[in-house]
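Novice: Residue numbers (this note's numbering): 109 to 953. Even for Gly, the Cβ is constructed at its ideal location relative to N, Cα and C.
So, in C-alpha cells, the structure goes:
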C-alpha cells in the first residue's frame with residue numbers, strides 16, 4: 109500500500125511532511141488553512157494559514173495570516189512562522205483590535221487576470237465605517253516581484269489588493285471566503301464571501317453571500333458591495349430567518365458539466381421540512397448569460413441550481429462545503445458537504461459528510477440525501493459520539509498520483525489513544541471502481557484512504573483541512589491540517605498546522621516466461637517483477653502460483669510468498685521449479701499472480717509460464733486456426749500468420765511471430781500480438797490488448813479496455829467503455845470513440861481523437877494532432893514533449909491540464925487564426941480557429 113492506514117502527525121520528519129508552528133500563546137494558528145495557489149509566481153504551490161487570535165504589533169486579536177512559499181529544496185520537520193522573511197513567505201497582519209483577521213482564508217484564483225494567483229482573508233469582526241462586526245475581507249494580489257516580510261492590510265490600495273467591507277452592523281462578512289472559479293465565463297476567476305449573520309429583507313440572520321467578479325481592468329482600494337449590479341457581481345440572499353446562509357461558501361467546480369464553474373453555499377441553521385437546524389446547502393450554477401443583481405436561494409429550480417436539505421434536526425448540514433474535484437473519475441466535478449452535528453447510528457454528534465457526484469444529466473430542484481446510493485454519491489459517517497466529523501471538508505487534489513482526485517474530512521473532536529479531542533482527519537482516495545452508498549471509515553486501510561491522527565489532547569487537529577497544492581514540487585498534491593489549539597513550542601494555544609506530502613507509487617508488473625520441460629537441473633522458470641521507476645521505499649508484493657492447464661506437483665512446484673524490492677532497485681525475480689513427467693502431452697501453462705502491493709500500484713499482476721513439452725511434437729510453424737473453449741484458455745500461436753479465437757472465459761492469447769488475428773470474444777481477455785502486423789479484437793469484456801512489434805490494429809469494441817500499441821505505427825480504437833490507450837513508439841492513431849477515455853500518444857507524431865465522452869488526452873513526446881470530440885475533455889501538456897495541435901478545442905468546456913507548468917509561465921499569442929501557447933519560446937500547444945482573447949486561466953487546470 110502507498111500509505112499506511114494511520115499517519116500520526118507526530119511522525120512528520122521533513123521527508124513526508126512538516127509542521128508550521130504558531131508564534132505566540134493563544135494565537136490559534138491553523139484555525140483556517142488553505143492552498144494559496146502560486147502567489148509568488150515561481151511555479152510551486154504556496155500555503156496560507158490563519159491565526160485569528162494573534163496580536164500583531166500589540167493589537168489584541170487583530171489576527172494574522174501567514175503565507176508560506178512552496179519549495180523543491182525540501183523542508184525541515186518543523187517550520188516556525190517567526191522565520192518568514194519575504195524569501196520563504198510573509199505575514200499579513202490584521203488592521204484593528206478584535207478584527208479576527210484570518211478566521212477564514214482561501215486562494216482567490218487569479219482575480220485580476222495578471223497570470224499570478226491571489227488570496228483572500230476574512231475578518232468577520234471588523235468594524236468598517238463604524239459598523240460593529242459588519243466584517244471585512246481582504247484580497248491580496250500575487251506578484252513575481254517579491255514580498256516584504258510583513259504586509260499590513262491597511263496598505264492595500266488597489267494595485268496590490270483591495271478590501272471588501274461589510275454593509276450592515278453584525279453582518280459578519282468574511283466568516284467564510286473562497287475562490288468561486290470562473291462563474292460568469294469571462295475567463296477570469298471570481299470570489300465568493302459569506303455574511304452569515306446578515307438579515308436580507310428583514311429576515312433576521314437569513315444570511316447573505318456576495319459574488320465579486322474578477323476583472324483585468326483593475327480594482328479600487330475598496331469594493332462597495334452595495335454597488336454589485338449583476339455586471340460586476342451579485343448578491344445571494346438566504347431563504348429564511350436564522351438559516352445562517354453563507355456560514356460556509358466554496359467554488360463547486362463544474363458540477364453540471366456545462367463548461368461553467370458553479371458554487372455552493374452552506375446554511376447550517378436552516379429548518380427544511382420542519383427539522384430544526386437540519387441545515388441545507390445550495391448549489392448555484394454558473395452561466396455566461398448574466399446574473400441579476402440579487403439571486404434568492406429560494407428561487408433555485410434545478411435549471412439555475414438546486415438545494416440539498418439536511419436529514420434530521422440539529423444535523424447542521426452545510427457547516428462546511430467544498431468542491432471535491434472529480435473523485436469518481438467520470439470527468440465531472442463533485443462536491444462534499446459536512447454535517448458535523450449529525451448522529452449516525454445513534455452516535456450523538458459523531459458527524460457525517462455527504463459526497464454528491466456531478467452530472468451532465470441535470471438535477472431536480474431538491475436533492476434528497478437519502479437517495480445517495482453509490483451511483484450518485486455516498487455518505488461518510490463519523491465513528492464515535494462527539495467526533496464531529498465534517499467540521500471541515502475539502503477536496504485534496506490527487507495525493508496518490510493515480511489521476512483521480514481525493515478528499516479530506518476533519519473530525520477535530522475525535523479521541524484516540526486516550527488523547528481527548530486530539531483530532532483525526534480522514535483521507536478518502538478517489539476511484540473509478542465505484543463507491544458503496546455508505547463508506548465505513550474503519551475500512552480505510554491505506555489502499556482506499558487513511559486516517560491522520562493529531563498529536564496531543566485538545567489539539568483539535570482537523571478543525572480546518574484543505575488540499576495544499578504541490579508545495580514540494582514533486583508533481584503530486586499535498587495536504588494541510590490545522591490544529592488551532594496545539595501548544596506549539598510550549599505556547600498554550602499557539603496552534604500548529606501540518607503539511608502532509610502526497611506520494612505517487614511506481615507501477616509494478618510481471619513478465620511471461622517460456623521454458624522447456626526437459627532442461628538443466630534444476631529446471632527453473634524465472635519470472636521478473638519490474639517497477640516503472642525506482643522508489644526510495646521498500647516495496648513488497650505477494651505472489652502465488654496457480655494452475656491453468658498445468659498441474660502443480662506434476663508439471664511444476666507450487667510456490668507462494670512475499671517478494672521484496674529494495675529501495676533504489678527496479679526488479680526482483682520469482683523462481684518456479686519445472687518438473688519432467690516424461691509424458692508426451694503438449695504444452696502446459698500456469699500463472700504467477702501478484703497481489704497486495706505495498707508502496708506500489710499493480711499494472712500487470714499476472715505472469716504466464718508456458719512449459720514446452722520436449723517429449724511430444726512442437727507447435728506448427730504453419731498458418732494455424734486455433735479456437736479456445738468457454739472456459740479460460742491460454743493459447744500461444746507461435747510461428748505463422750495465425751487466427752486465434754478465445755470464445756468464452758478470461759483468455760490469454762499470444763500471436764507470437766507472424767501477422768496474426770486474435771479475437772478475445774467474451775470475457776476479460778489479454779491479447780498479445782507479438783512480432784508482425786497483428787489485428788487484436790477484444791470483444792465483450794474488459795480486455796487488455798498489447799500490440800508488440802509491427803504495425804498493429806487494436807480494436808476494443810465493448811468494455812473498459814487497456815490498450816498498448818508498443819512499437820511501430822499502430823491503430824487503437826477504444827469502442828464503447830472507459831478505455832485507456834497508450835500508443836507507445838511509432839506514429840500511432842488513437843481513437844477513444846465512446847466513453848470517458850484516457851489516451852496517451854507516446855513517442856513520435858501521433859493522432860489522438862477523443863470521440864464522445866469526457867476524455868483525457870496526452871500527446872506525450874512528439875508533435876501530435878489532437879481532436880477532442882464531443883464532451884468536456886482535458887488536454888495535458890508538459891514541457892519538452894513536443895508542439896501539439898488541437899483542431900476543435902471547445903472554449904469554456906474543454907480544459908488544458910498543466911502537468912509540470914504554472915499558468916503564469918505561459919505565453920499566449922495569436923498565430924494567424926490560431927492561438928499559440930508557449931513556454932520560454934518553446935511551443936507547447938496550438939489551438940486552431942480561436943482568438944487569444946477567448947483563452948484565459950479559466951481554461952487551464
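#1: If the criterion is Cβ atoms closer than 9 angstroms, does the pair residue 413 and residue 376 meet it?
#2: Compute the Euclidean distance between the alpha carbons of residue 422 and residue 451, then round it to the nearest angstrom.
#3: Report the partner residues of residue 621 according to the DSSP bridge assignment.
#4: Expressed to the nearest angstrom, what Euclidean distance is found between the alpha-carbon atoms of residue 353 and residue 304?
#5: Within 8 angstroms, do at least three Cβ pairs link the stretch 293–311 to the stretch 263–281?
#6: Do the stretch 142–157 and the stretch 608–619 touch if we need at least three Cβ pairs shorter than 8 angstroms?
#7: Using DSSP with H/G/I as helix, E/B as strand and the rest coil, what is residue 143?
#8: At 3 residues or longer, and completely inside the stretch 535–617: list those beta strand (DSSP E) runs for me, N to C.
#9: Reducing DSSP to helix, strand and coil, say where residue 521 ends up.
#10: Closest to residue 362 by CA distance: which of 883, 924 and 510 is it?
#11: Taking the continuous beta strand (DSSP E) assigned at residue 260, which residues delimit it?
#12: Cα separation between residue 380 and residue 419?
#13: Out of 812, 814, 744 and 802, which has the shortest C-alpha to C-alpha gap to residue 822?
#14: Using CA atoms only, rank isn't needed, just tell me which of 505, 493 and 445 is closest to residue 487.
#15: When the distance is taken between beta carbons, is residue 282 closer than 9 angstroms to residue 301?
#16: What separation, rounded to the nearest whole angstrom, lies between the Cα atoms of residue 669 and residue 653?
#17: Would you kindly work out how many angstroms separate the C-alpha atoms of residue 572 and residue 937, rounded to a whole number?
#18: Could you give the DSSP three-state label for residue 131: helix, strand or coil?
#19: Can you tell me whether residue 832 is buried or exposed? The criterion is at least 16 other CB atoms within 10 Å of its CB, across all chains shown.
#20: With the cut-off set at 9 angstroms, would you say residue 949 and residue 295 are in Cβ contact?
#21: Consult DSSP for residue 796 and reduce its assignment to one of helix, strand or coil.
#22: For residue 116, which beta-bridge partners are listed by DSSP?
#23: Can you look up residue 420 in the DSSP assignment and give me helix, strand or coil?
#24: Near residue 112, which residues of its chain fall below 8 angstroms by C-beta distance, leaving aside the five closest residues on each side in sequence?
#25: Excluding the 5 residues flanking residue 290 on each side, which residues of the same chain have their C-beta closer than 6 angstroms to its C-beta?
#26: Select from 906, 930 and 944 the residue whose C-alpha is nearest the C-alpha of residue 367.
#27: Applying the criterion that 16 or more other CB atoms from any shown protein chain within 10 Å of the CB defines a buried residue, is residue 157 buried or exposed?
#28: Report the three-state DSSP secondary structure of residue 243 (helix, strand or coil).
#29: Please name the residue or residues paired with residue 805 in a DSSP beta bridge.
#30: What does a CB cutoff of less than 8 angstroms around residue 192 pick up in its chain, not counting 5 residues either side in sequence?
#31: Once the 5 residues before and after residue 915 are set aside, which same chain residues still bring their CB inside 8 angstroms of it?
#32: So, with DSSP's three-state summary, where would you put residue 308?
#33: Report the CB separation of residue 874 from residue 853 in whole angstroms; it is logged as a contact under 8 angstroms.
#34: Taking the straight line between their C-alpha atoms, what separation do you get for residue 835 and residue 866?
#35: In the structure shown, what three-state DSSP assignment does residue 381 receive?
#36: Leaving out the 5 sequence neighbours to the left and right, which residues in its chain are closer than 8 angstroms to residue 737 when beta-carbon positions are compared?
Specialist: Quick look at the numbers:
#1: Within the chain shown, the letter at position 305 stands for residue 413. Within the chain shown, the letter at position 268 stands for residue 376. Taking 9 angstroms as the Cβ cut-off, residue 413 and residue 376 do not qualify as a contacting pair.
#2: Translated into positions along the chain shown, residue 422 becomes position 314. Translated into positions along the chain shown, residue 451 becomes position 343. Near 9 angstroms, if we compare the C-alpha coordinates of residue 451 and residue 422.
#3: For this step, residue 621 is matched to residue 513 along the chain shown. Residue 621 is bridged by DSSP to 717.
#4: Taking the first residue of the chain shown as position 1, residue 353 is located at position 245. Taking the first residue of the chain shown as position 1, residue 304 is located at position 196. Spanning the alpha carbons of residue 353 and residue 304 requires a straight line of approximately 5 angstroms.
#5: Counting Cβ pairs under 8 angstroms, three or more are found: they touch.
#6: The stretch 142–157 makes no contact with the stretch 608–619, as fewer than three CB pairs between them are under 8 angstroms.
#7: The residue given as residue 143 occupies position 35 in the chain shown. DSSP places residue 143 in strand when its eight states are reduced to three.
#8: The qualifying runs are 557–561, 569–577, 586–591 and 604–608.
#9: Sequence index remark: in the chain shown, residue 521 carries index 413 (1-based). Here residue 521 sits in coil by DSSP.
#10: Here residue 362 corresponds to residue number 254 of the chain shown, with the count starting at 1. The option with the nearest alpha carbon to residue 362 is 883.
#11: The residue given as residue 260 occupies position 152 in the chain shown. Start and end: 258–260.
#12: Along the chain shown, read from residue 1 onward, the residue named residue 380 stands at position 272. Along the chain shown, read from residue 1 onward, the residue named residue 419 stands at position 311. A direct Cα-Cα distance of roughly 8 angstroms separates residue 380 from residue 419.
#13: Sequence index remark: in the chain shown, residue 822 carries index 714 (1-based). For residue 822, the closest of 812, 814, 744 and 802 by C-alpha to C-alpha distance is 802.
#14: Your numbering for residue 487 matches position 379 in the chain shown. Checking every option, the nearest Cα to that of residue 487 belongs to 445.
#15: Indexing the chain shown from 1 puts residue 301 at position 193. Indexing the chain shown from 1 puts residue 282 at position 174. One thing to note: residue 301 has its Cβ within 9 angstroms of the Cβ of residue 282.
#16: For the purposes of this step, residue 669 is taken as the residue at position 561 of the chain shown. For the purposes of this step, residue 653 is taken as the residue at position 545 of the chain shown. Rounded to whole angstroms, residue 669 to residue 653 spans 10 angstroms at the Cα level.
#17: One-based indexing of the chain shown puts residue 572 at position 464. One-based indexing of the chain shown puts residue 937 at position 829. Distance from the CA atom of residue 572 to the CA atom of residue 937, rounded to whole angstroms, is 38 angstroms.
#18: Residue mapping note: residue 131 aligns to position 23 of the chain shown, counting from 1. Here residue 131 sits in coil by DSSP.
#19: If you number the chain shown from 1, residue 832 lands on position 724. Classification of residue 832: buried, given that the 10 Å Cβ count is 16 or more.
#20: Translated into the one-based positions of the chain shown, residue 949 becomes position 841. Translated into the one-based positions of the chain shown, residue 295 becomes position 187. Yes, the pair counts as a contact, with Cβ atoms nearer than the cut-off.
#21: On the chain shown, residue 796 is found 688 positions in, with the first residue counted as 1. DSSP places residue 796 in strand when its eight states are reduced to three.
#22: Counted from its first residue, the chain shown places residue 116 at position 8. DSSP output for residue 116 lists 561 as bridge partner(s).
#23: For the purposes of this step, residue 420 is identified with residue 312 of the chain shown, where counting begins at 1. Of the three classes helix, strand and coil, the one that applies to residue 420 here is coil, per DSSP.
#24: Translated into the one-based positions of the chain shown, residue 112 becomes position 4. Excluding the 5 residues flanking it on each side, residue 112 has same chain C-beta neighbours closer than 8 angstroms at 554 and 558, in chain order.
#25: Counting from 1 along the chain shown, the entry for residue 290 is found at position 182. Only residues of its own chain outside the window of five on either side were considered, and among them 297, 369 and 950 have a CB closer than 6 angstroms to the CB of residue 290, listed in chain order.
#26: Counting from 1 along the chain shown, the entry for residue 367 is found at position 259. Cα-wise, what sits closest to residue 367 is 906.
#27: Looking up residue 157 in the chain shown gives position 49. By the neighbour-count definition (other C-beta atoms within 10 Å, threshold 16), residue 157 is a buried residue.
#28: Residue numbering aside, residue 243 sits at position 135 when the chain shown is read from its first letter. Under the three-state reduction of DSSP output, residue 243 falls in the strand class.
#29: By one-based count along the chain shown, residue 805 stands at place 697. According to DSSP, which records beta bridges pairwise, residue 805 is partnered with 787 and 823.
#30: Taking the first residue of the chain shown as 1, we reach residue 192 at position 84. Sequence-distant Cβ neighbours of residue 192 in its own chain, meaning closer than 8 angstroms and more than five residues away, are 174, 175, 176, 198, 199 and 257.
#31: Start at 1 with the first residue of the chain shown, and residue 915 comes out as number 807. For residue 915, where only same-chain residues beyond five positions count, the Cβ hits under 8 angstroms are 218, 223, 949 and 952.
#32: Within the chain shown, numbered from 1, the residue matching residue 308 stands at position 200. Three-state result, residue 308: helix.
#33: Residue 874 sits at position 766 when you count from the first residue of the chain shown. Residue 853 sits at position 745 when you count from the first residue of the chain shown. With a Cβ gap of about 7 angstroms, residue 874 and residue 853 count as contacting.
#34: The residue given as residue 835 occupies position 727 in the chain shown. The residue given as residue 866 occupies position 758 in the chain shown. Spanning the alpha carbons of residue 835 and residue 866 requires a straight line of approximately 19 angstroms.
#35: Position 273 of the chain shown, counted from the start, is the residue given in the question as residue 381. In the structure shown, residue 381 sits in a helix (DSSP, three-state: H, G or I).
#36: The residue given as residue 737 occupies position 629 in the chain shown. In the same chain as residue 737, and ignoring 5 residues on each side of it, the C-beta atoms closer than 8 angstroms to its own belong to 755, 756 and 757, in chain order.
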